[in-house]
Amino acid sequence: MTDRHDVVIAGAGPAGAQCARDLASRDYDVLVLETESESEFPRQSNKSTAGTFPSMMASFSIPDDVVMNYTDSVVLESPNDHYAHHQPGAVLEFADFKRFLVRDGRENGAEYRFDARVSKPIVEQGEVVGVEYSGGKEVYGDIIIDATGPAAPLAKELGVSDLERTNQAIGVEWEFEGVEPNHPDYADLRDAMMLRLDHDLAPGGYSWLFHTGGDTAKVGLCYIQNDSHKQRARDGMGIDDYLDYWLRTDPRFENAEKIDGKQHRGSAHIQQPGQLSTDSFMAIGDTVPTIDPLWGEGIHKGMKSARAAAVTADACLTPREHDTSADRMELYDNLWHQNVAPKARTRLLMTELLYLAPNERYDQLMADLERLGEDALAAINSGDLVAFRKLLHVSDLPILADFVRDRLDI
Numbered sequence: 019m020t021d022r023h024d025v026v027i028a029g030a031g032p033a034g035a036q037c038a039r040d041l042a043s044r045d046y047d048v049l050v051l052e053t054e055s056e057s058e059f060p061r062q063s064n065k066s067t068a069g070t071f072p073s074m075m076a077s078f079s080i081p082d083d084v085v086m087n088y089t090d091s092v093v094l095e096s097p098n099d100h101y102a103h104h105q106p107g108a109v110l111e112f113a114d115f116k117r118f119l120v121r122d123g124r125e126n127g128a129e130y131r132f133d134a135r136v137s138k139p140i141v142e143q144g145e146v147v148g149v150e151y152s153g154g155k156e157v158y159g160d161i162i163i164d165a166t167g168p169a170a171p172l173a174k175e176l177g178v179s180d181l182e183r184t185n186q187a188i189g190v191e192w193e194f195e196g197v198e199p200n201h202p203d204y205a206d207l208r209d210a211m212m213l214r215l216d217h218d219l220a221p222g223g224y225s226w227l228f229h230t231g232g233d234t235a236k237v238g239l240c241y242i243q244n245d246s247h248k249q250r251a252r253d254g255m256g257i258d259d260y261l262d263y264w265l266r267t268d269p270r271f272e273n274a275e276k277i278d279g280k281q282h283r284g285s286a287h288i289q290q291p292g293q294l295s296t297d298s299f300m301a302i303g304d305t306v307p308t309i310d311p312l313w314g315e316g317i318h319k320g321m322k323s324a325r326a327a328a329v330t331a332d333a334c335l336t337p338r339e340h341d342t343s344a345d346r347m348e349l350y351d352n353l354w355h356q357n358v359a360p361k362a363r364t365r366l367l368m369t370e371l372l373y374l375a376p377n378e379r380y381d382q383l384m385a386d387l388e389r390l391g392e393d394a395l396a397a398i399n400s401g402d403l404v405a406f407r408k409l410l411h412v413s414d415l416p417i418l419a420d421f422v423r424d425r426l427d428i
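Read in my numbering, the sequence shown has 291 at position 273, and its numbers run on one by one without any break.
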């Protein structure tokens with residue numbers, strides 16, 4: 019008997035599990051294949067800083083018991099200054115969050131198979147009809163979804179993934195105790211999520227401290243392996259060396275100790291996505307470049323992409339009009355660009371310019387944000403070019419010129 023389902027999803031991360039959760043609640047027969055064993059899930063894939071905002075929590079009915087700490091503000095730091103913005107948020111216990119999504123999906127009827135490593139799509143007459151996994155096992159579905167992240171074994175084989183190594187961001191994070199979130203020489207980071215722009219610590223990227231209550235925090239950094247990083251990187255230093263350097267030189271970590279087993283590593287791509295779907299297939303979450311290019315937040319974007327895929331599957335699998343052609347599946351692409359990452363190109367350009375700026379310009383940026391008022395940061399994050407232009411100074415002309423030359427390969 020053929021092992022067949024309405025929808026087969028590869029990957030039980032937030033995007034894959036949320037998509038299954040949505041589809042199962044609509045009574046679709048949905049199967050999720052996950053590489054890890056159920057007893058260890060999600061040990062190997064517990065890779066997110068897991069900072070998010072109330073809009074995500076409310077939109078996807080996420081319970082309070084997966085939250086480590088509710089925060090009151092977002093703080094941006096430069097080498098010598100900072101800017102604080104009132105913005106409620108939540109730092110999740112990422113493993114608990116992922117387990118909740120799986121558990122809730124199962125209660126709605128989704129089927130999960132763990133220890134199921136997806137290897138390649140099954141293609142018949144030019145159209146994907148199923149998935150091969152775990153050494154030759156096969157499963158078939160009307161719609162196949164790749165939610166495996168940058169590995170993207172299905173999307174790459176089908177020509178949907180176009181992830182570029184030069185746009186890959188790599189990150190490392192530890193959870194610490196003994197952190198001093200209210201050090202007198204720095205901004206008050208109690209109940210705050212802080213991002214620091216400082217090439218000395220993260221050349222071509224940023225570092226962060228997310229307060230998780232008391233004297234504990236998630237602390238890490240990431241950078242994109244781009245020209246900005248190459249120009250500013252120190253010889254012989256890798257990402258762990260930069261994190262150790264920050265820990266040694268910042269007095270907030272003078273008494274900090276790493277919590278055993280609480281290290282997280284991950285990668286994502288900061289680029290404009292190309293194709294997102296094809297016949298009977300969609301790529302969601304970090305399988306395509308979904309991370310927020312300015313804030314770096316990926317959970318809400320991934321969850322939105324999951325919902326867009328579920329809506330698309332629902333539209334394509336109606337009994338009256340069962341149509342999974344590429345033209346019909348393109349609904350997902352449209353929803354992605356409208357609802358998941360609107361103005362993605364503009365916001366990506368802003369990010370690229372931001373990473374080109376020298377450290378002293380980051381100090382000026384803090385003063386500019388203070389001058390422009392609370393609405394400025396939200397407007398810039400939304401891709402508002404008018405708001406972005408208000409940040410520009412005559413001294414930025416060389417940065418803009420370098421950016422244009424690099425784009426035109428002059």
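Glycine is no exception: its CB is placed at the ideal position from the N, C-alpha and C atoms.
Just so it is clear, the structure is predicted and the values come from calculations on it, not from any experiment.
Is A396 buried or exposed, if buried means 16 or more other CB atoms sit within 10 Å of its CB?
Burial check for A396: the Cβ neighbour count within 10 Å stays below 16, so the residue is exposed.
Can you grab the Cα-Cα spacing for the pair D99 / G222, in whole Å?
Rounded to whole angstroms, D99 to G222 spans 19 Å at the Cα level.
May I have the straight-line CA-CA distance separating R39 from D341, to the nearest angstrom?
22 Å
Take the Cβ of M368 as the centre, count every other Cβ of all protein chains shown within 10 Å, and call the residue buried at 16 or more, exposed below.
buried
Tell me which same chain residues have a C-beta within less than 6 Å of the C-beta of V26, skipping the five on either side of it?
L49, V149, V157, G159, I162
Quick one: grab the DSSP three-state call for S57.
coil
V146 and L176: beta carbons closer than 8 Å?
yes
Note the first and the last residue of the continuous alpha helix (DSSP H) segment covering L403.
That run of the alpha helix (DSSP H) goes 403-407.
Can you tell me which of A286, N377, K408 puts its alpha carbon nearest to the alpha carbon of G391?
K408
Taking three-plus beta-carbon pairs below 8 Å as touching, is the stretch 111-129 in contact with the stretch 41-57?
yes
If I measure Cβ to Cβ from S66 and keep anything under 6 Å in the same chain, skipping five residues before and after, which residues do I get?
F112
Give the straight-line distance between the Cα atoms of H318 and M74, rounded to the nearest whole angstrom.
Cα to Cα, H318 sits roughly 6 Å from M74.
Could you pull out every unbroken beta strand (DSSP E) segment of at least 3 residues lying fully inside the stretch 264-332, listed in chain order?
For secondary structure counted as the beta strand (DSSP E) over 3 or more consecutive residues, the stretch 264-332 holds these complete runs in sequence order: 275-287, 299-301.
Nearest-angstrom Cα distance between E52 and F132?
5 Å
S433 bridges to which residues according to DSSP?
No answer is possible for residue 433: it lies beyond the span of the chain, which begins at 19 and ends at 428.
DSSP three-state label for K471, please.
Only positions 19 to 428 of the chain appear in the structure, and residue 471 is not among them; the question remains open.
Between Y350 and the rest of its own chain, which residues show a CB-CB distance below 7 Å, the 5 nearest in sequence each way excluded?
L294, S295, M300, A326, A327, T330
So V197 and T234 are in contact, right, with Cβ under 8 Å, and what is the actual spacing, rounded?
Contact between V197 and T234 is confirmed by a C-beta separation of about 6 Å, below the 8 Å threshold.
How many whole angstroms separate the CB atoms of A210 and H229, which I take to be in contact at a CB cut-off of 8 Å?
6 Å between Cβ atoms; contact.
To the nearest angstrom, how far is the alpha carbon of F71 from that of A108?
6 Å
Take S400 as the anchor and find which of V136, A362, T166 has the nearest alpha-carbon.
Considering only V136, A362, T166, the residue with the shortest C-alpha distance to S400 is A362.
Hey, would you say F78 sits closer than 8 Å to Q105, going by beta carbons?
No, the Cβ-Cβ distance between F78 and Q105 is not below 8 Å.
Hey, out of S298, K138, D82, whose CA is closest to P171's CA?
K138
Distance, Cα to Cα, K276 vs L227?
13 Å
Just to confirm, are A187 and I242 a CB contact at a threshold of 8 Å?
yes
If you draw a straight line from the C-alpha of S96 to the C-alpha of D262, how long is it?
19 Å
To which residues does DSSP link T70 through a beta bridge?
A108
Pick helix, strand or coil for Q430, following the three-state DSSP scheme.
With the chain covering only 19 through 428, there is no way to say anything about residue 430.
Considering only residues of the same chain and omitting the five flanking positions on each side of T89, which have a CB-CB separation below 6 Å?
G107, D209, A210, M211
Tell me whether Y204 sits in a helix, a strand or coil according to DSSP, three-state version.
coil
Could you spell out where the alpha helix (DSSP H) holding K174 opens and where it closes?
171-175
In the DSSP assignment, what are the bridge partners of D164?
A28, A301
Check for me: the beta strand (DSSP E) holding L94 runs from which residue to which?
85-95
Taking its Cβ as the centre, do 16 or more other Cβ atoms sit within 10 Å of G316, making it buried, or is it exposed?
buried
For I428, collect the residues of the same chain with a Cβ closer than 6 Å to its Cβ; drop the 5 residues on either side in sequence, then sort them by chain order.
In this predicted model, I428 has a pLDDT of only 49, less than 50, meaning its place in the structure is not dependable; the value taken from the coordinates is given anyway. For I428, where only same-chain residues beyond five positions count, there are no Cβ hits under 6 Å.
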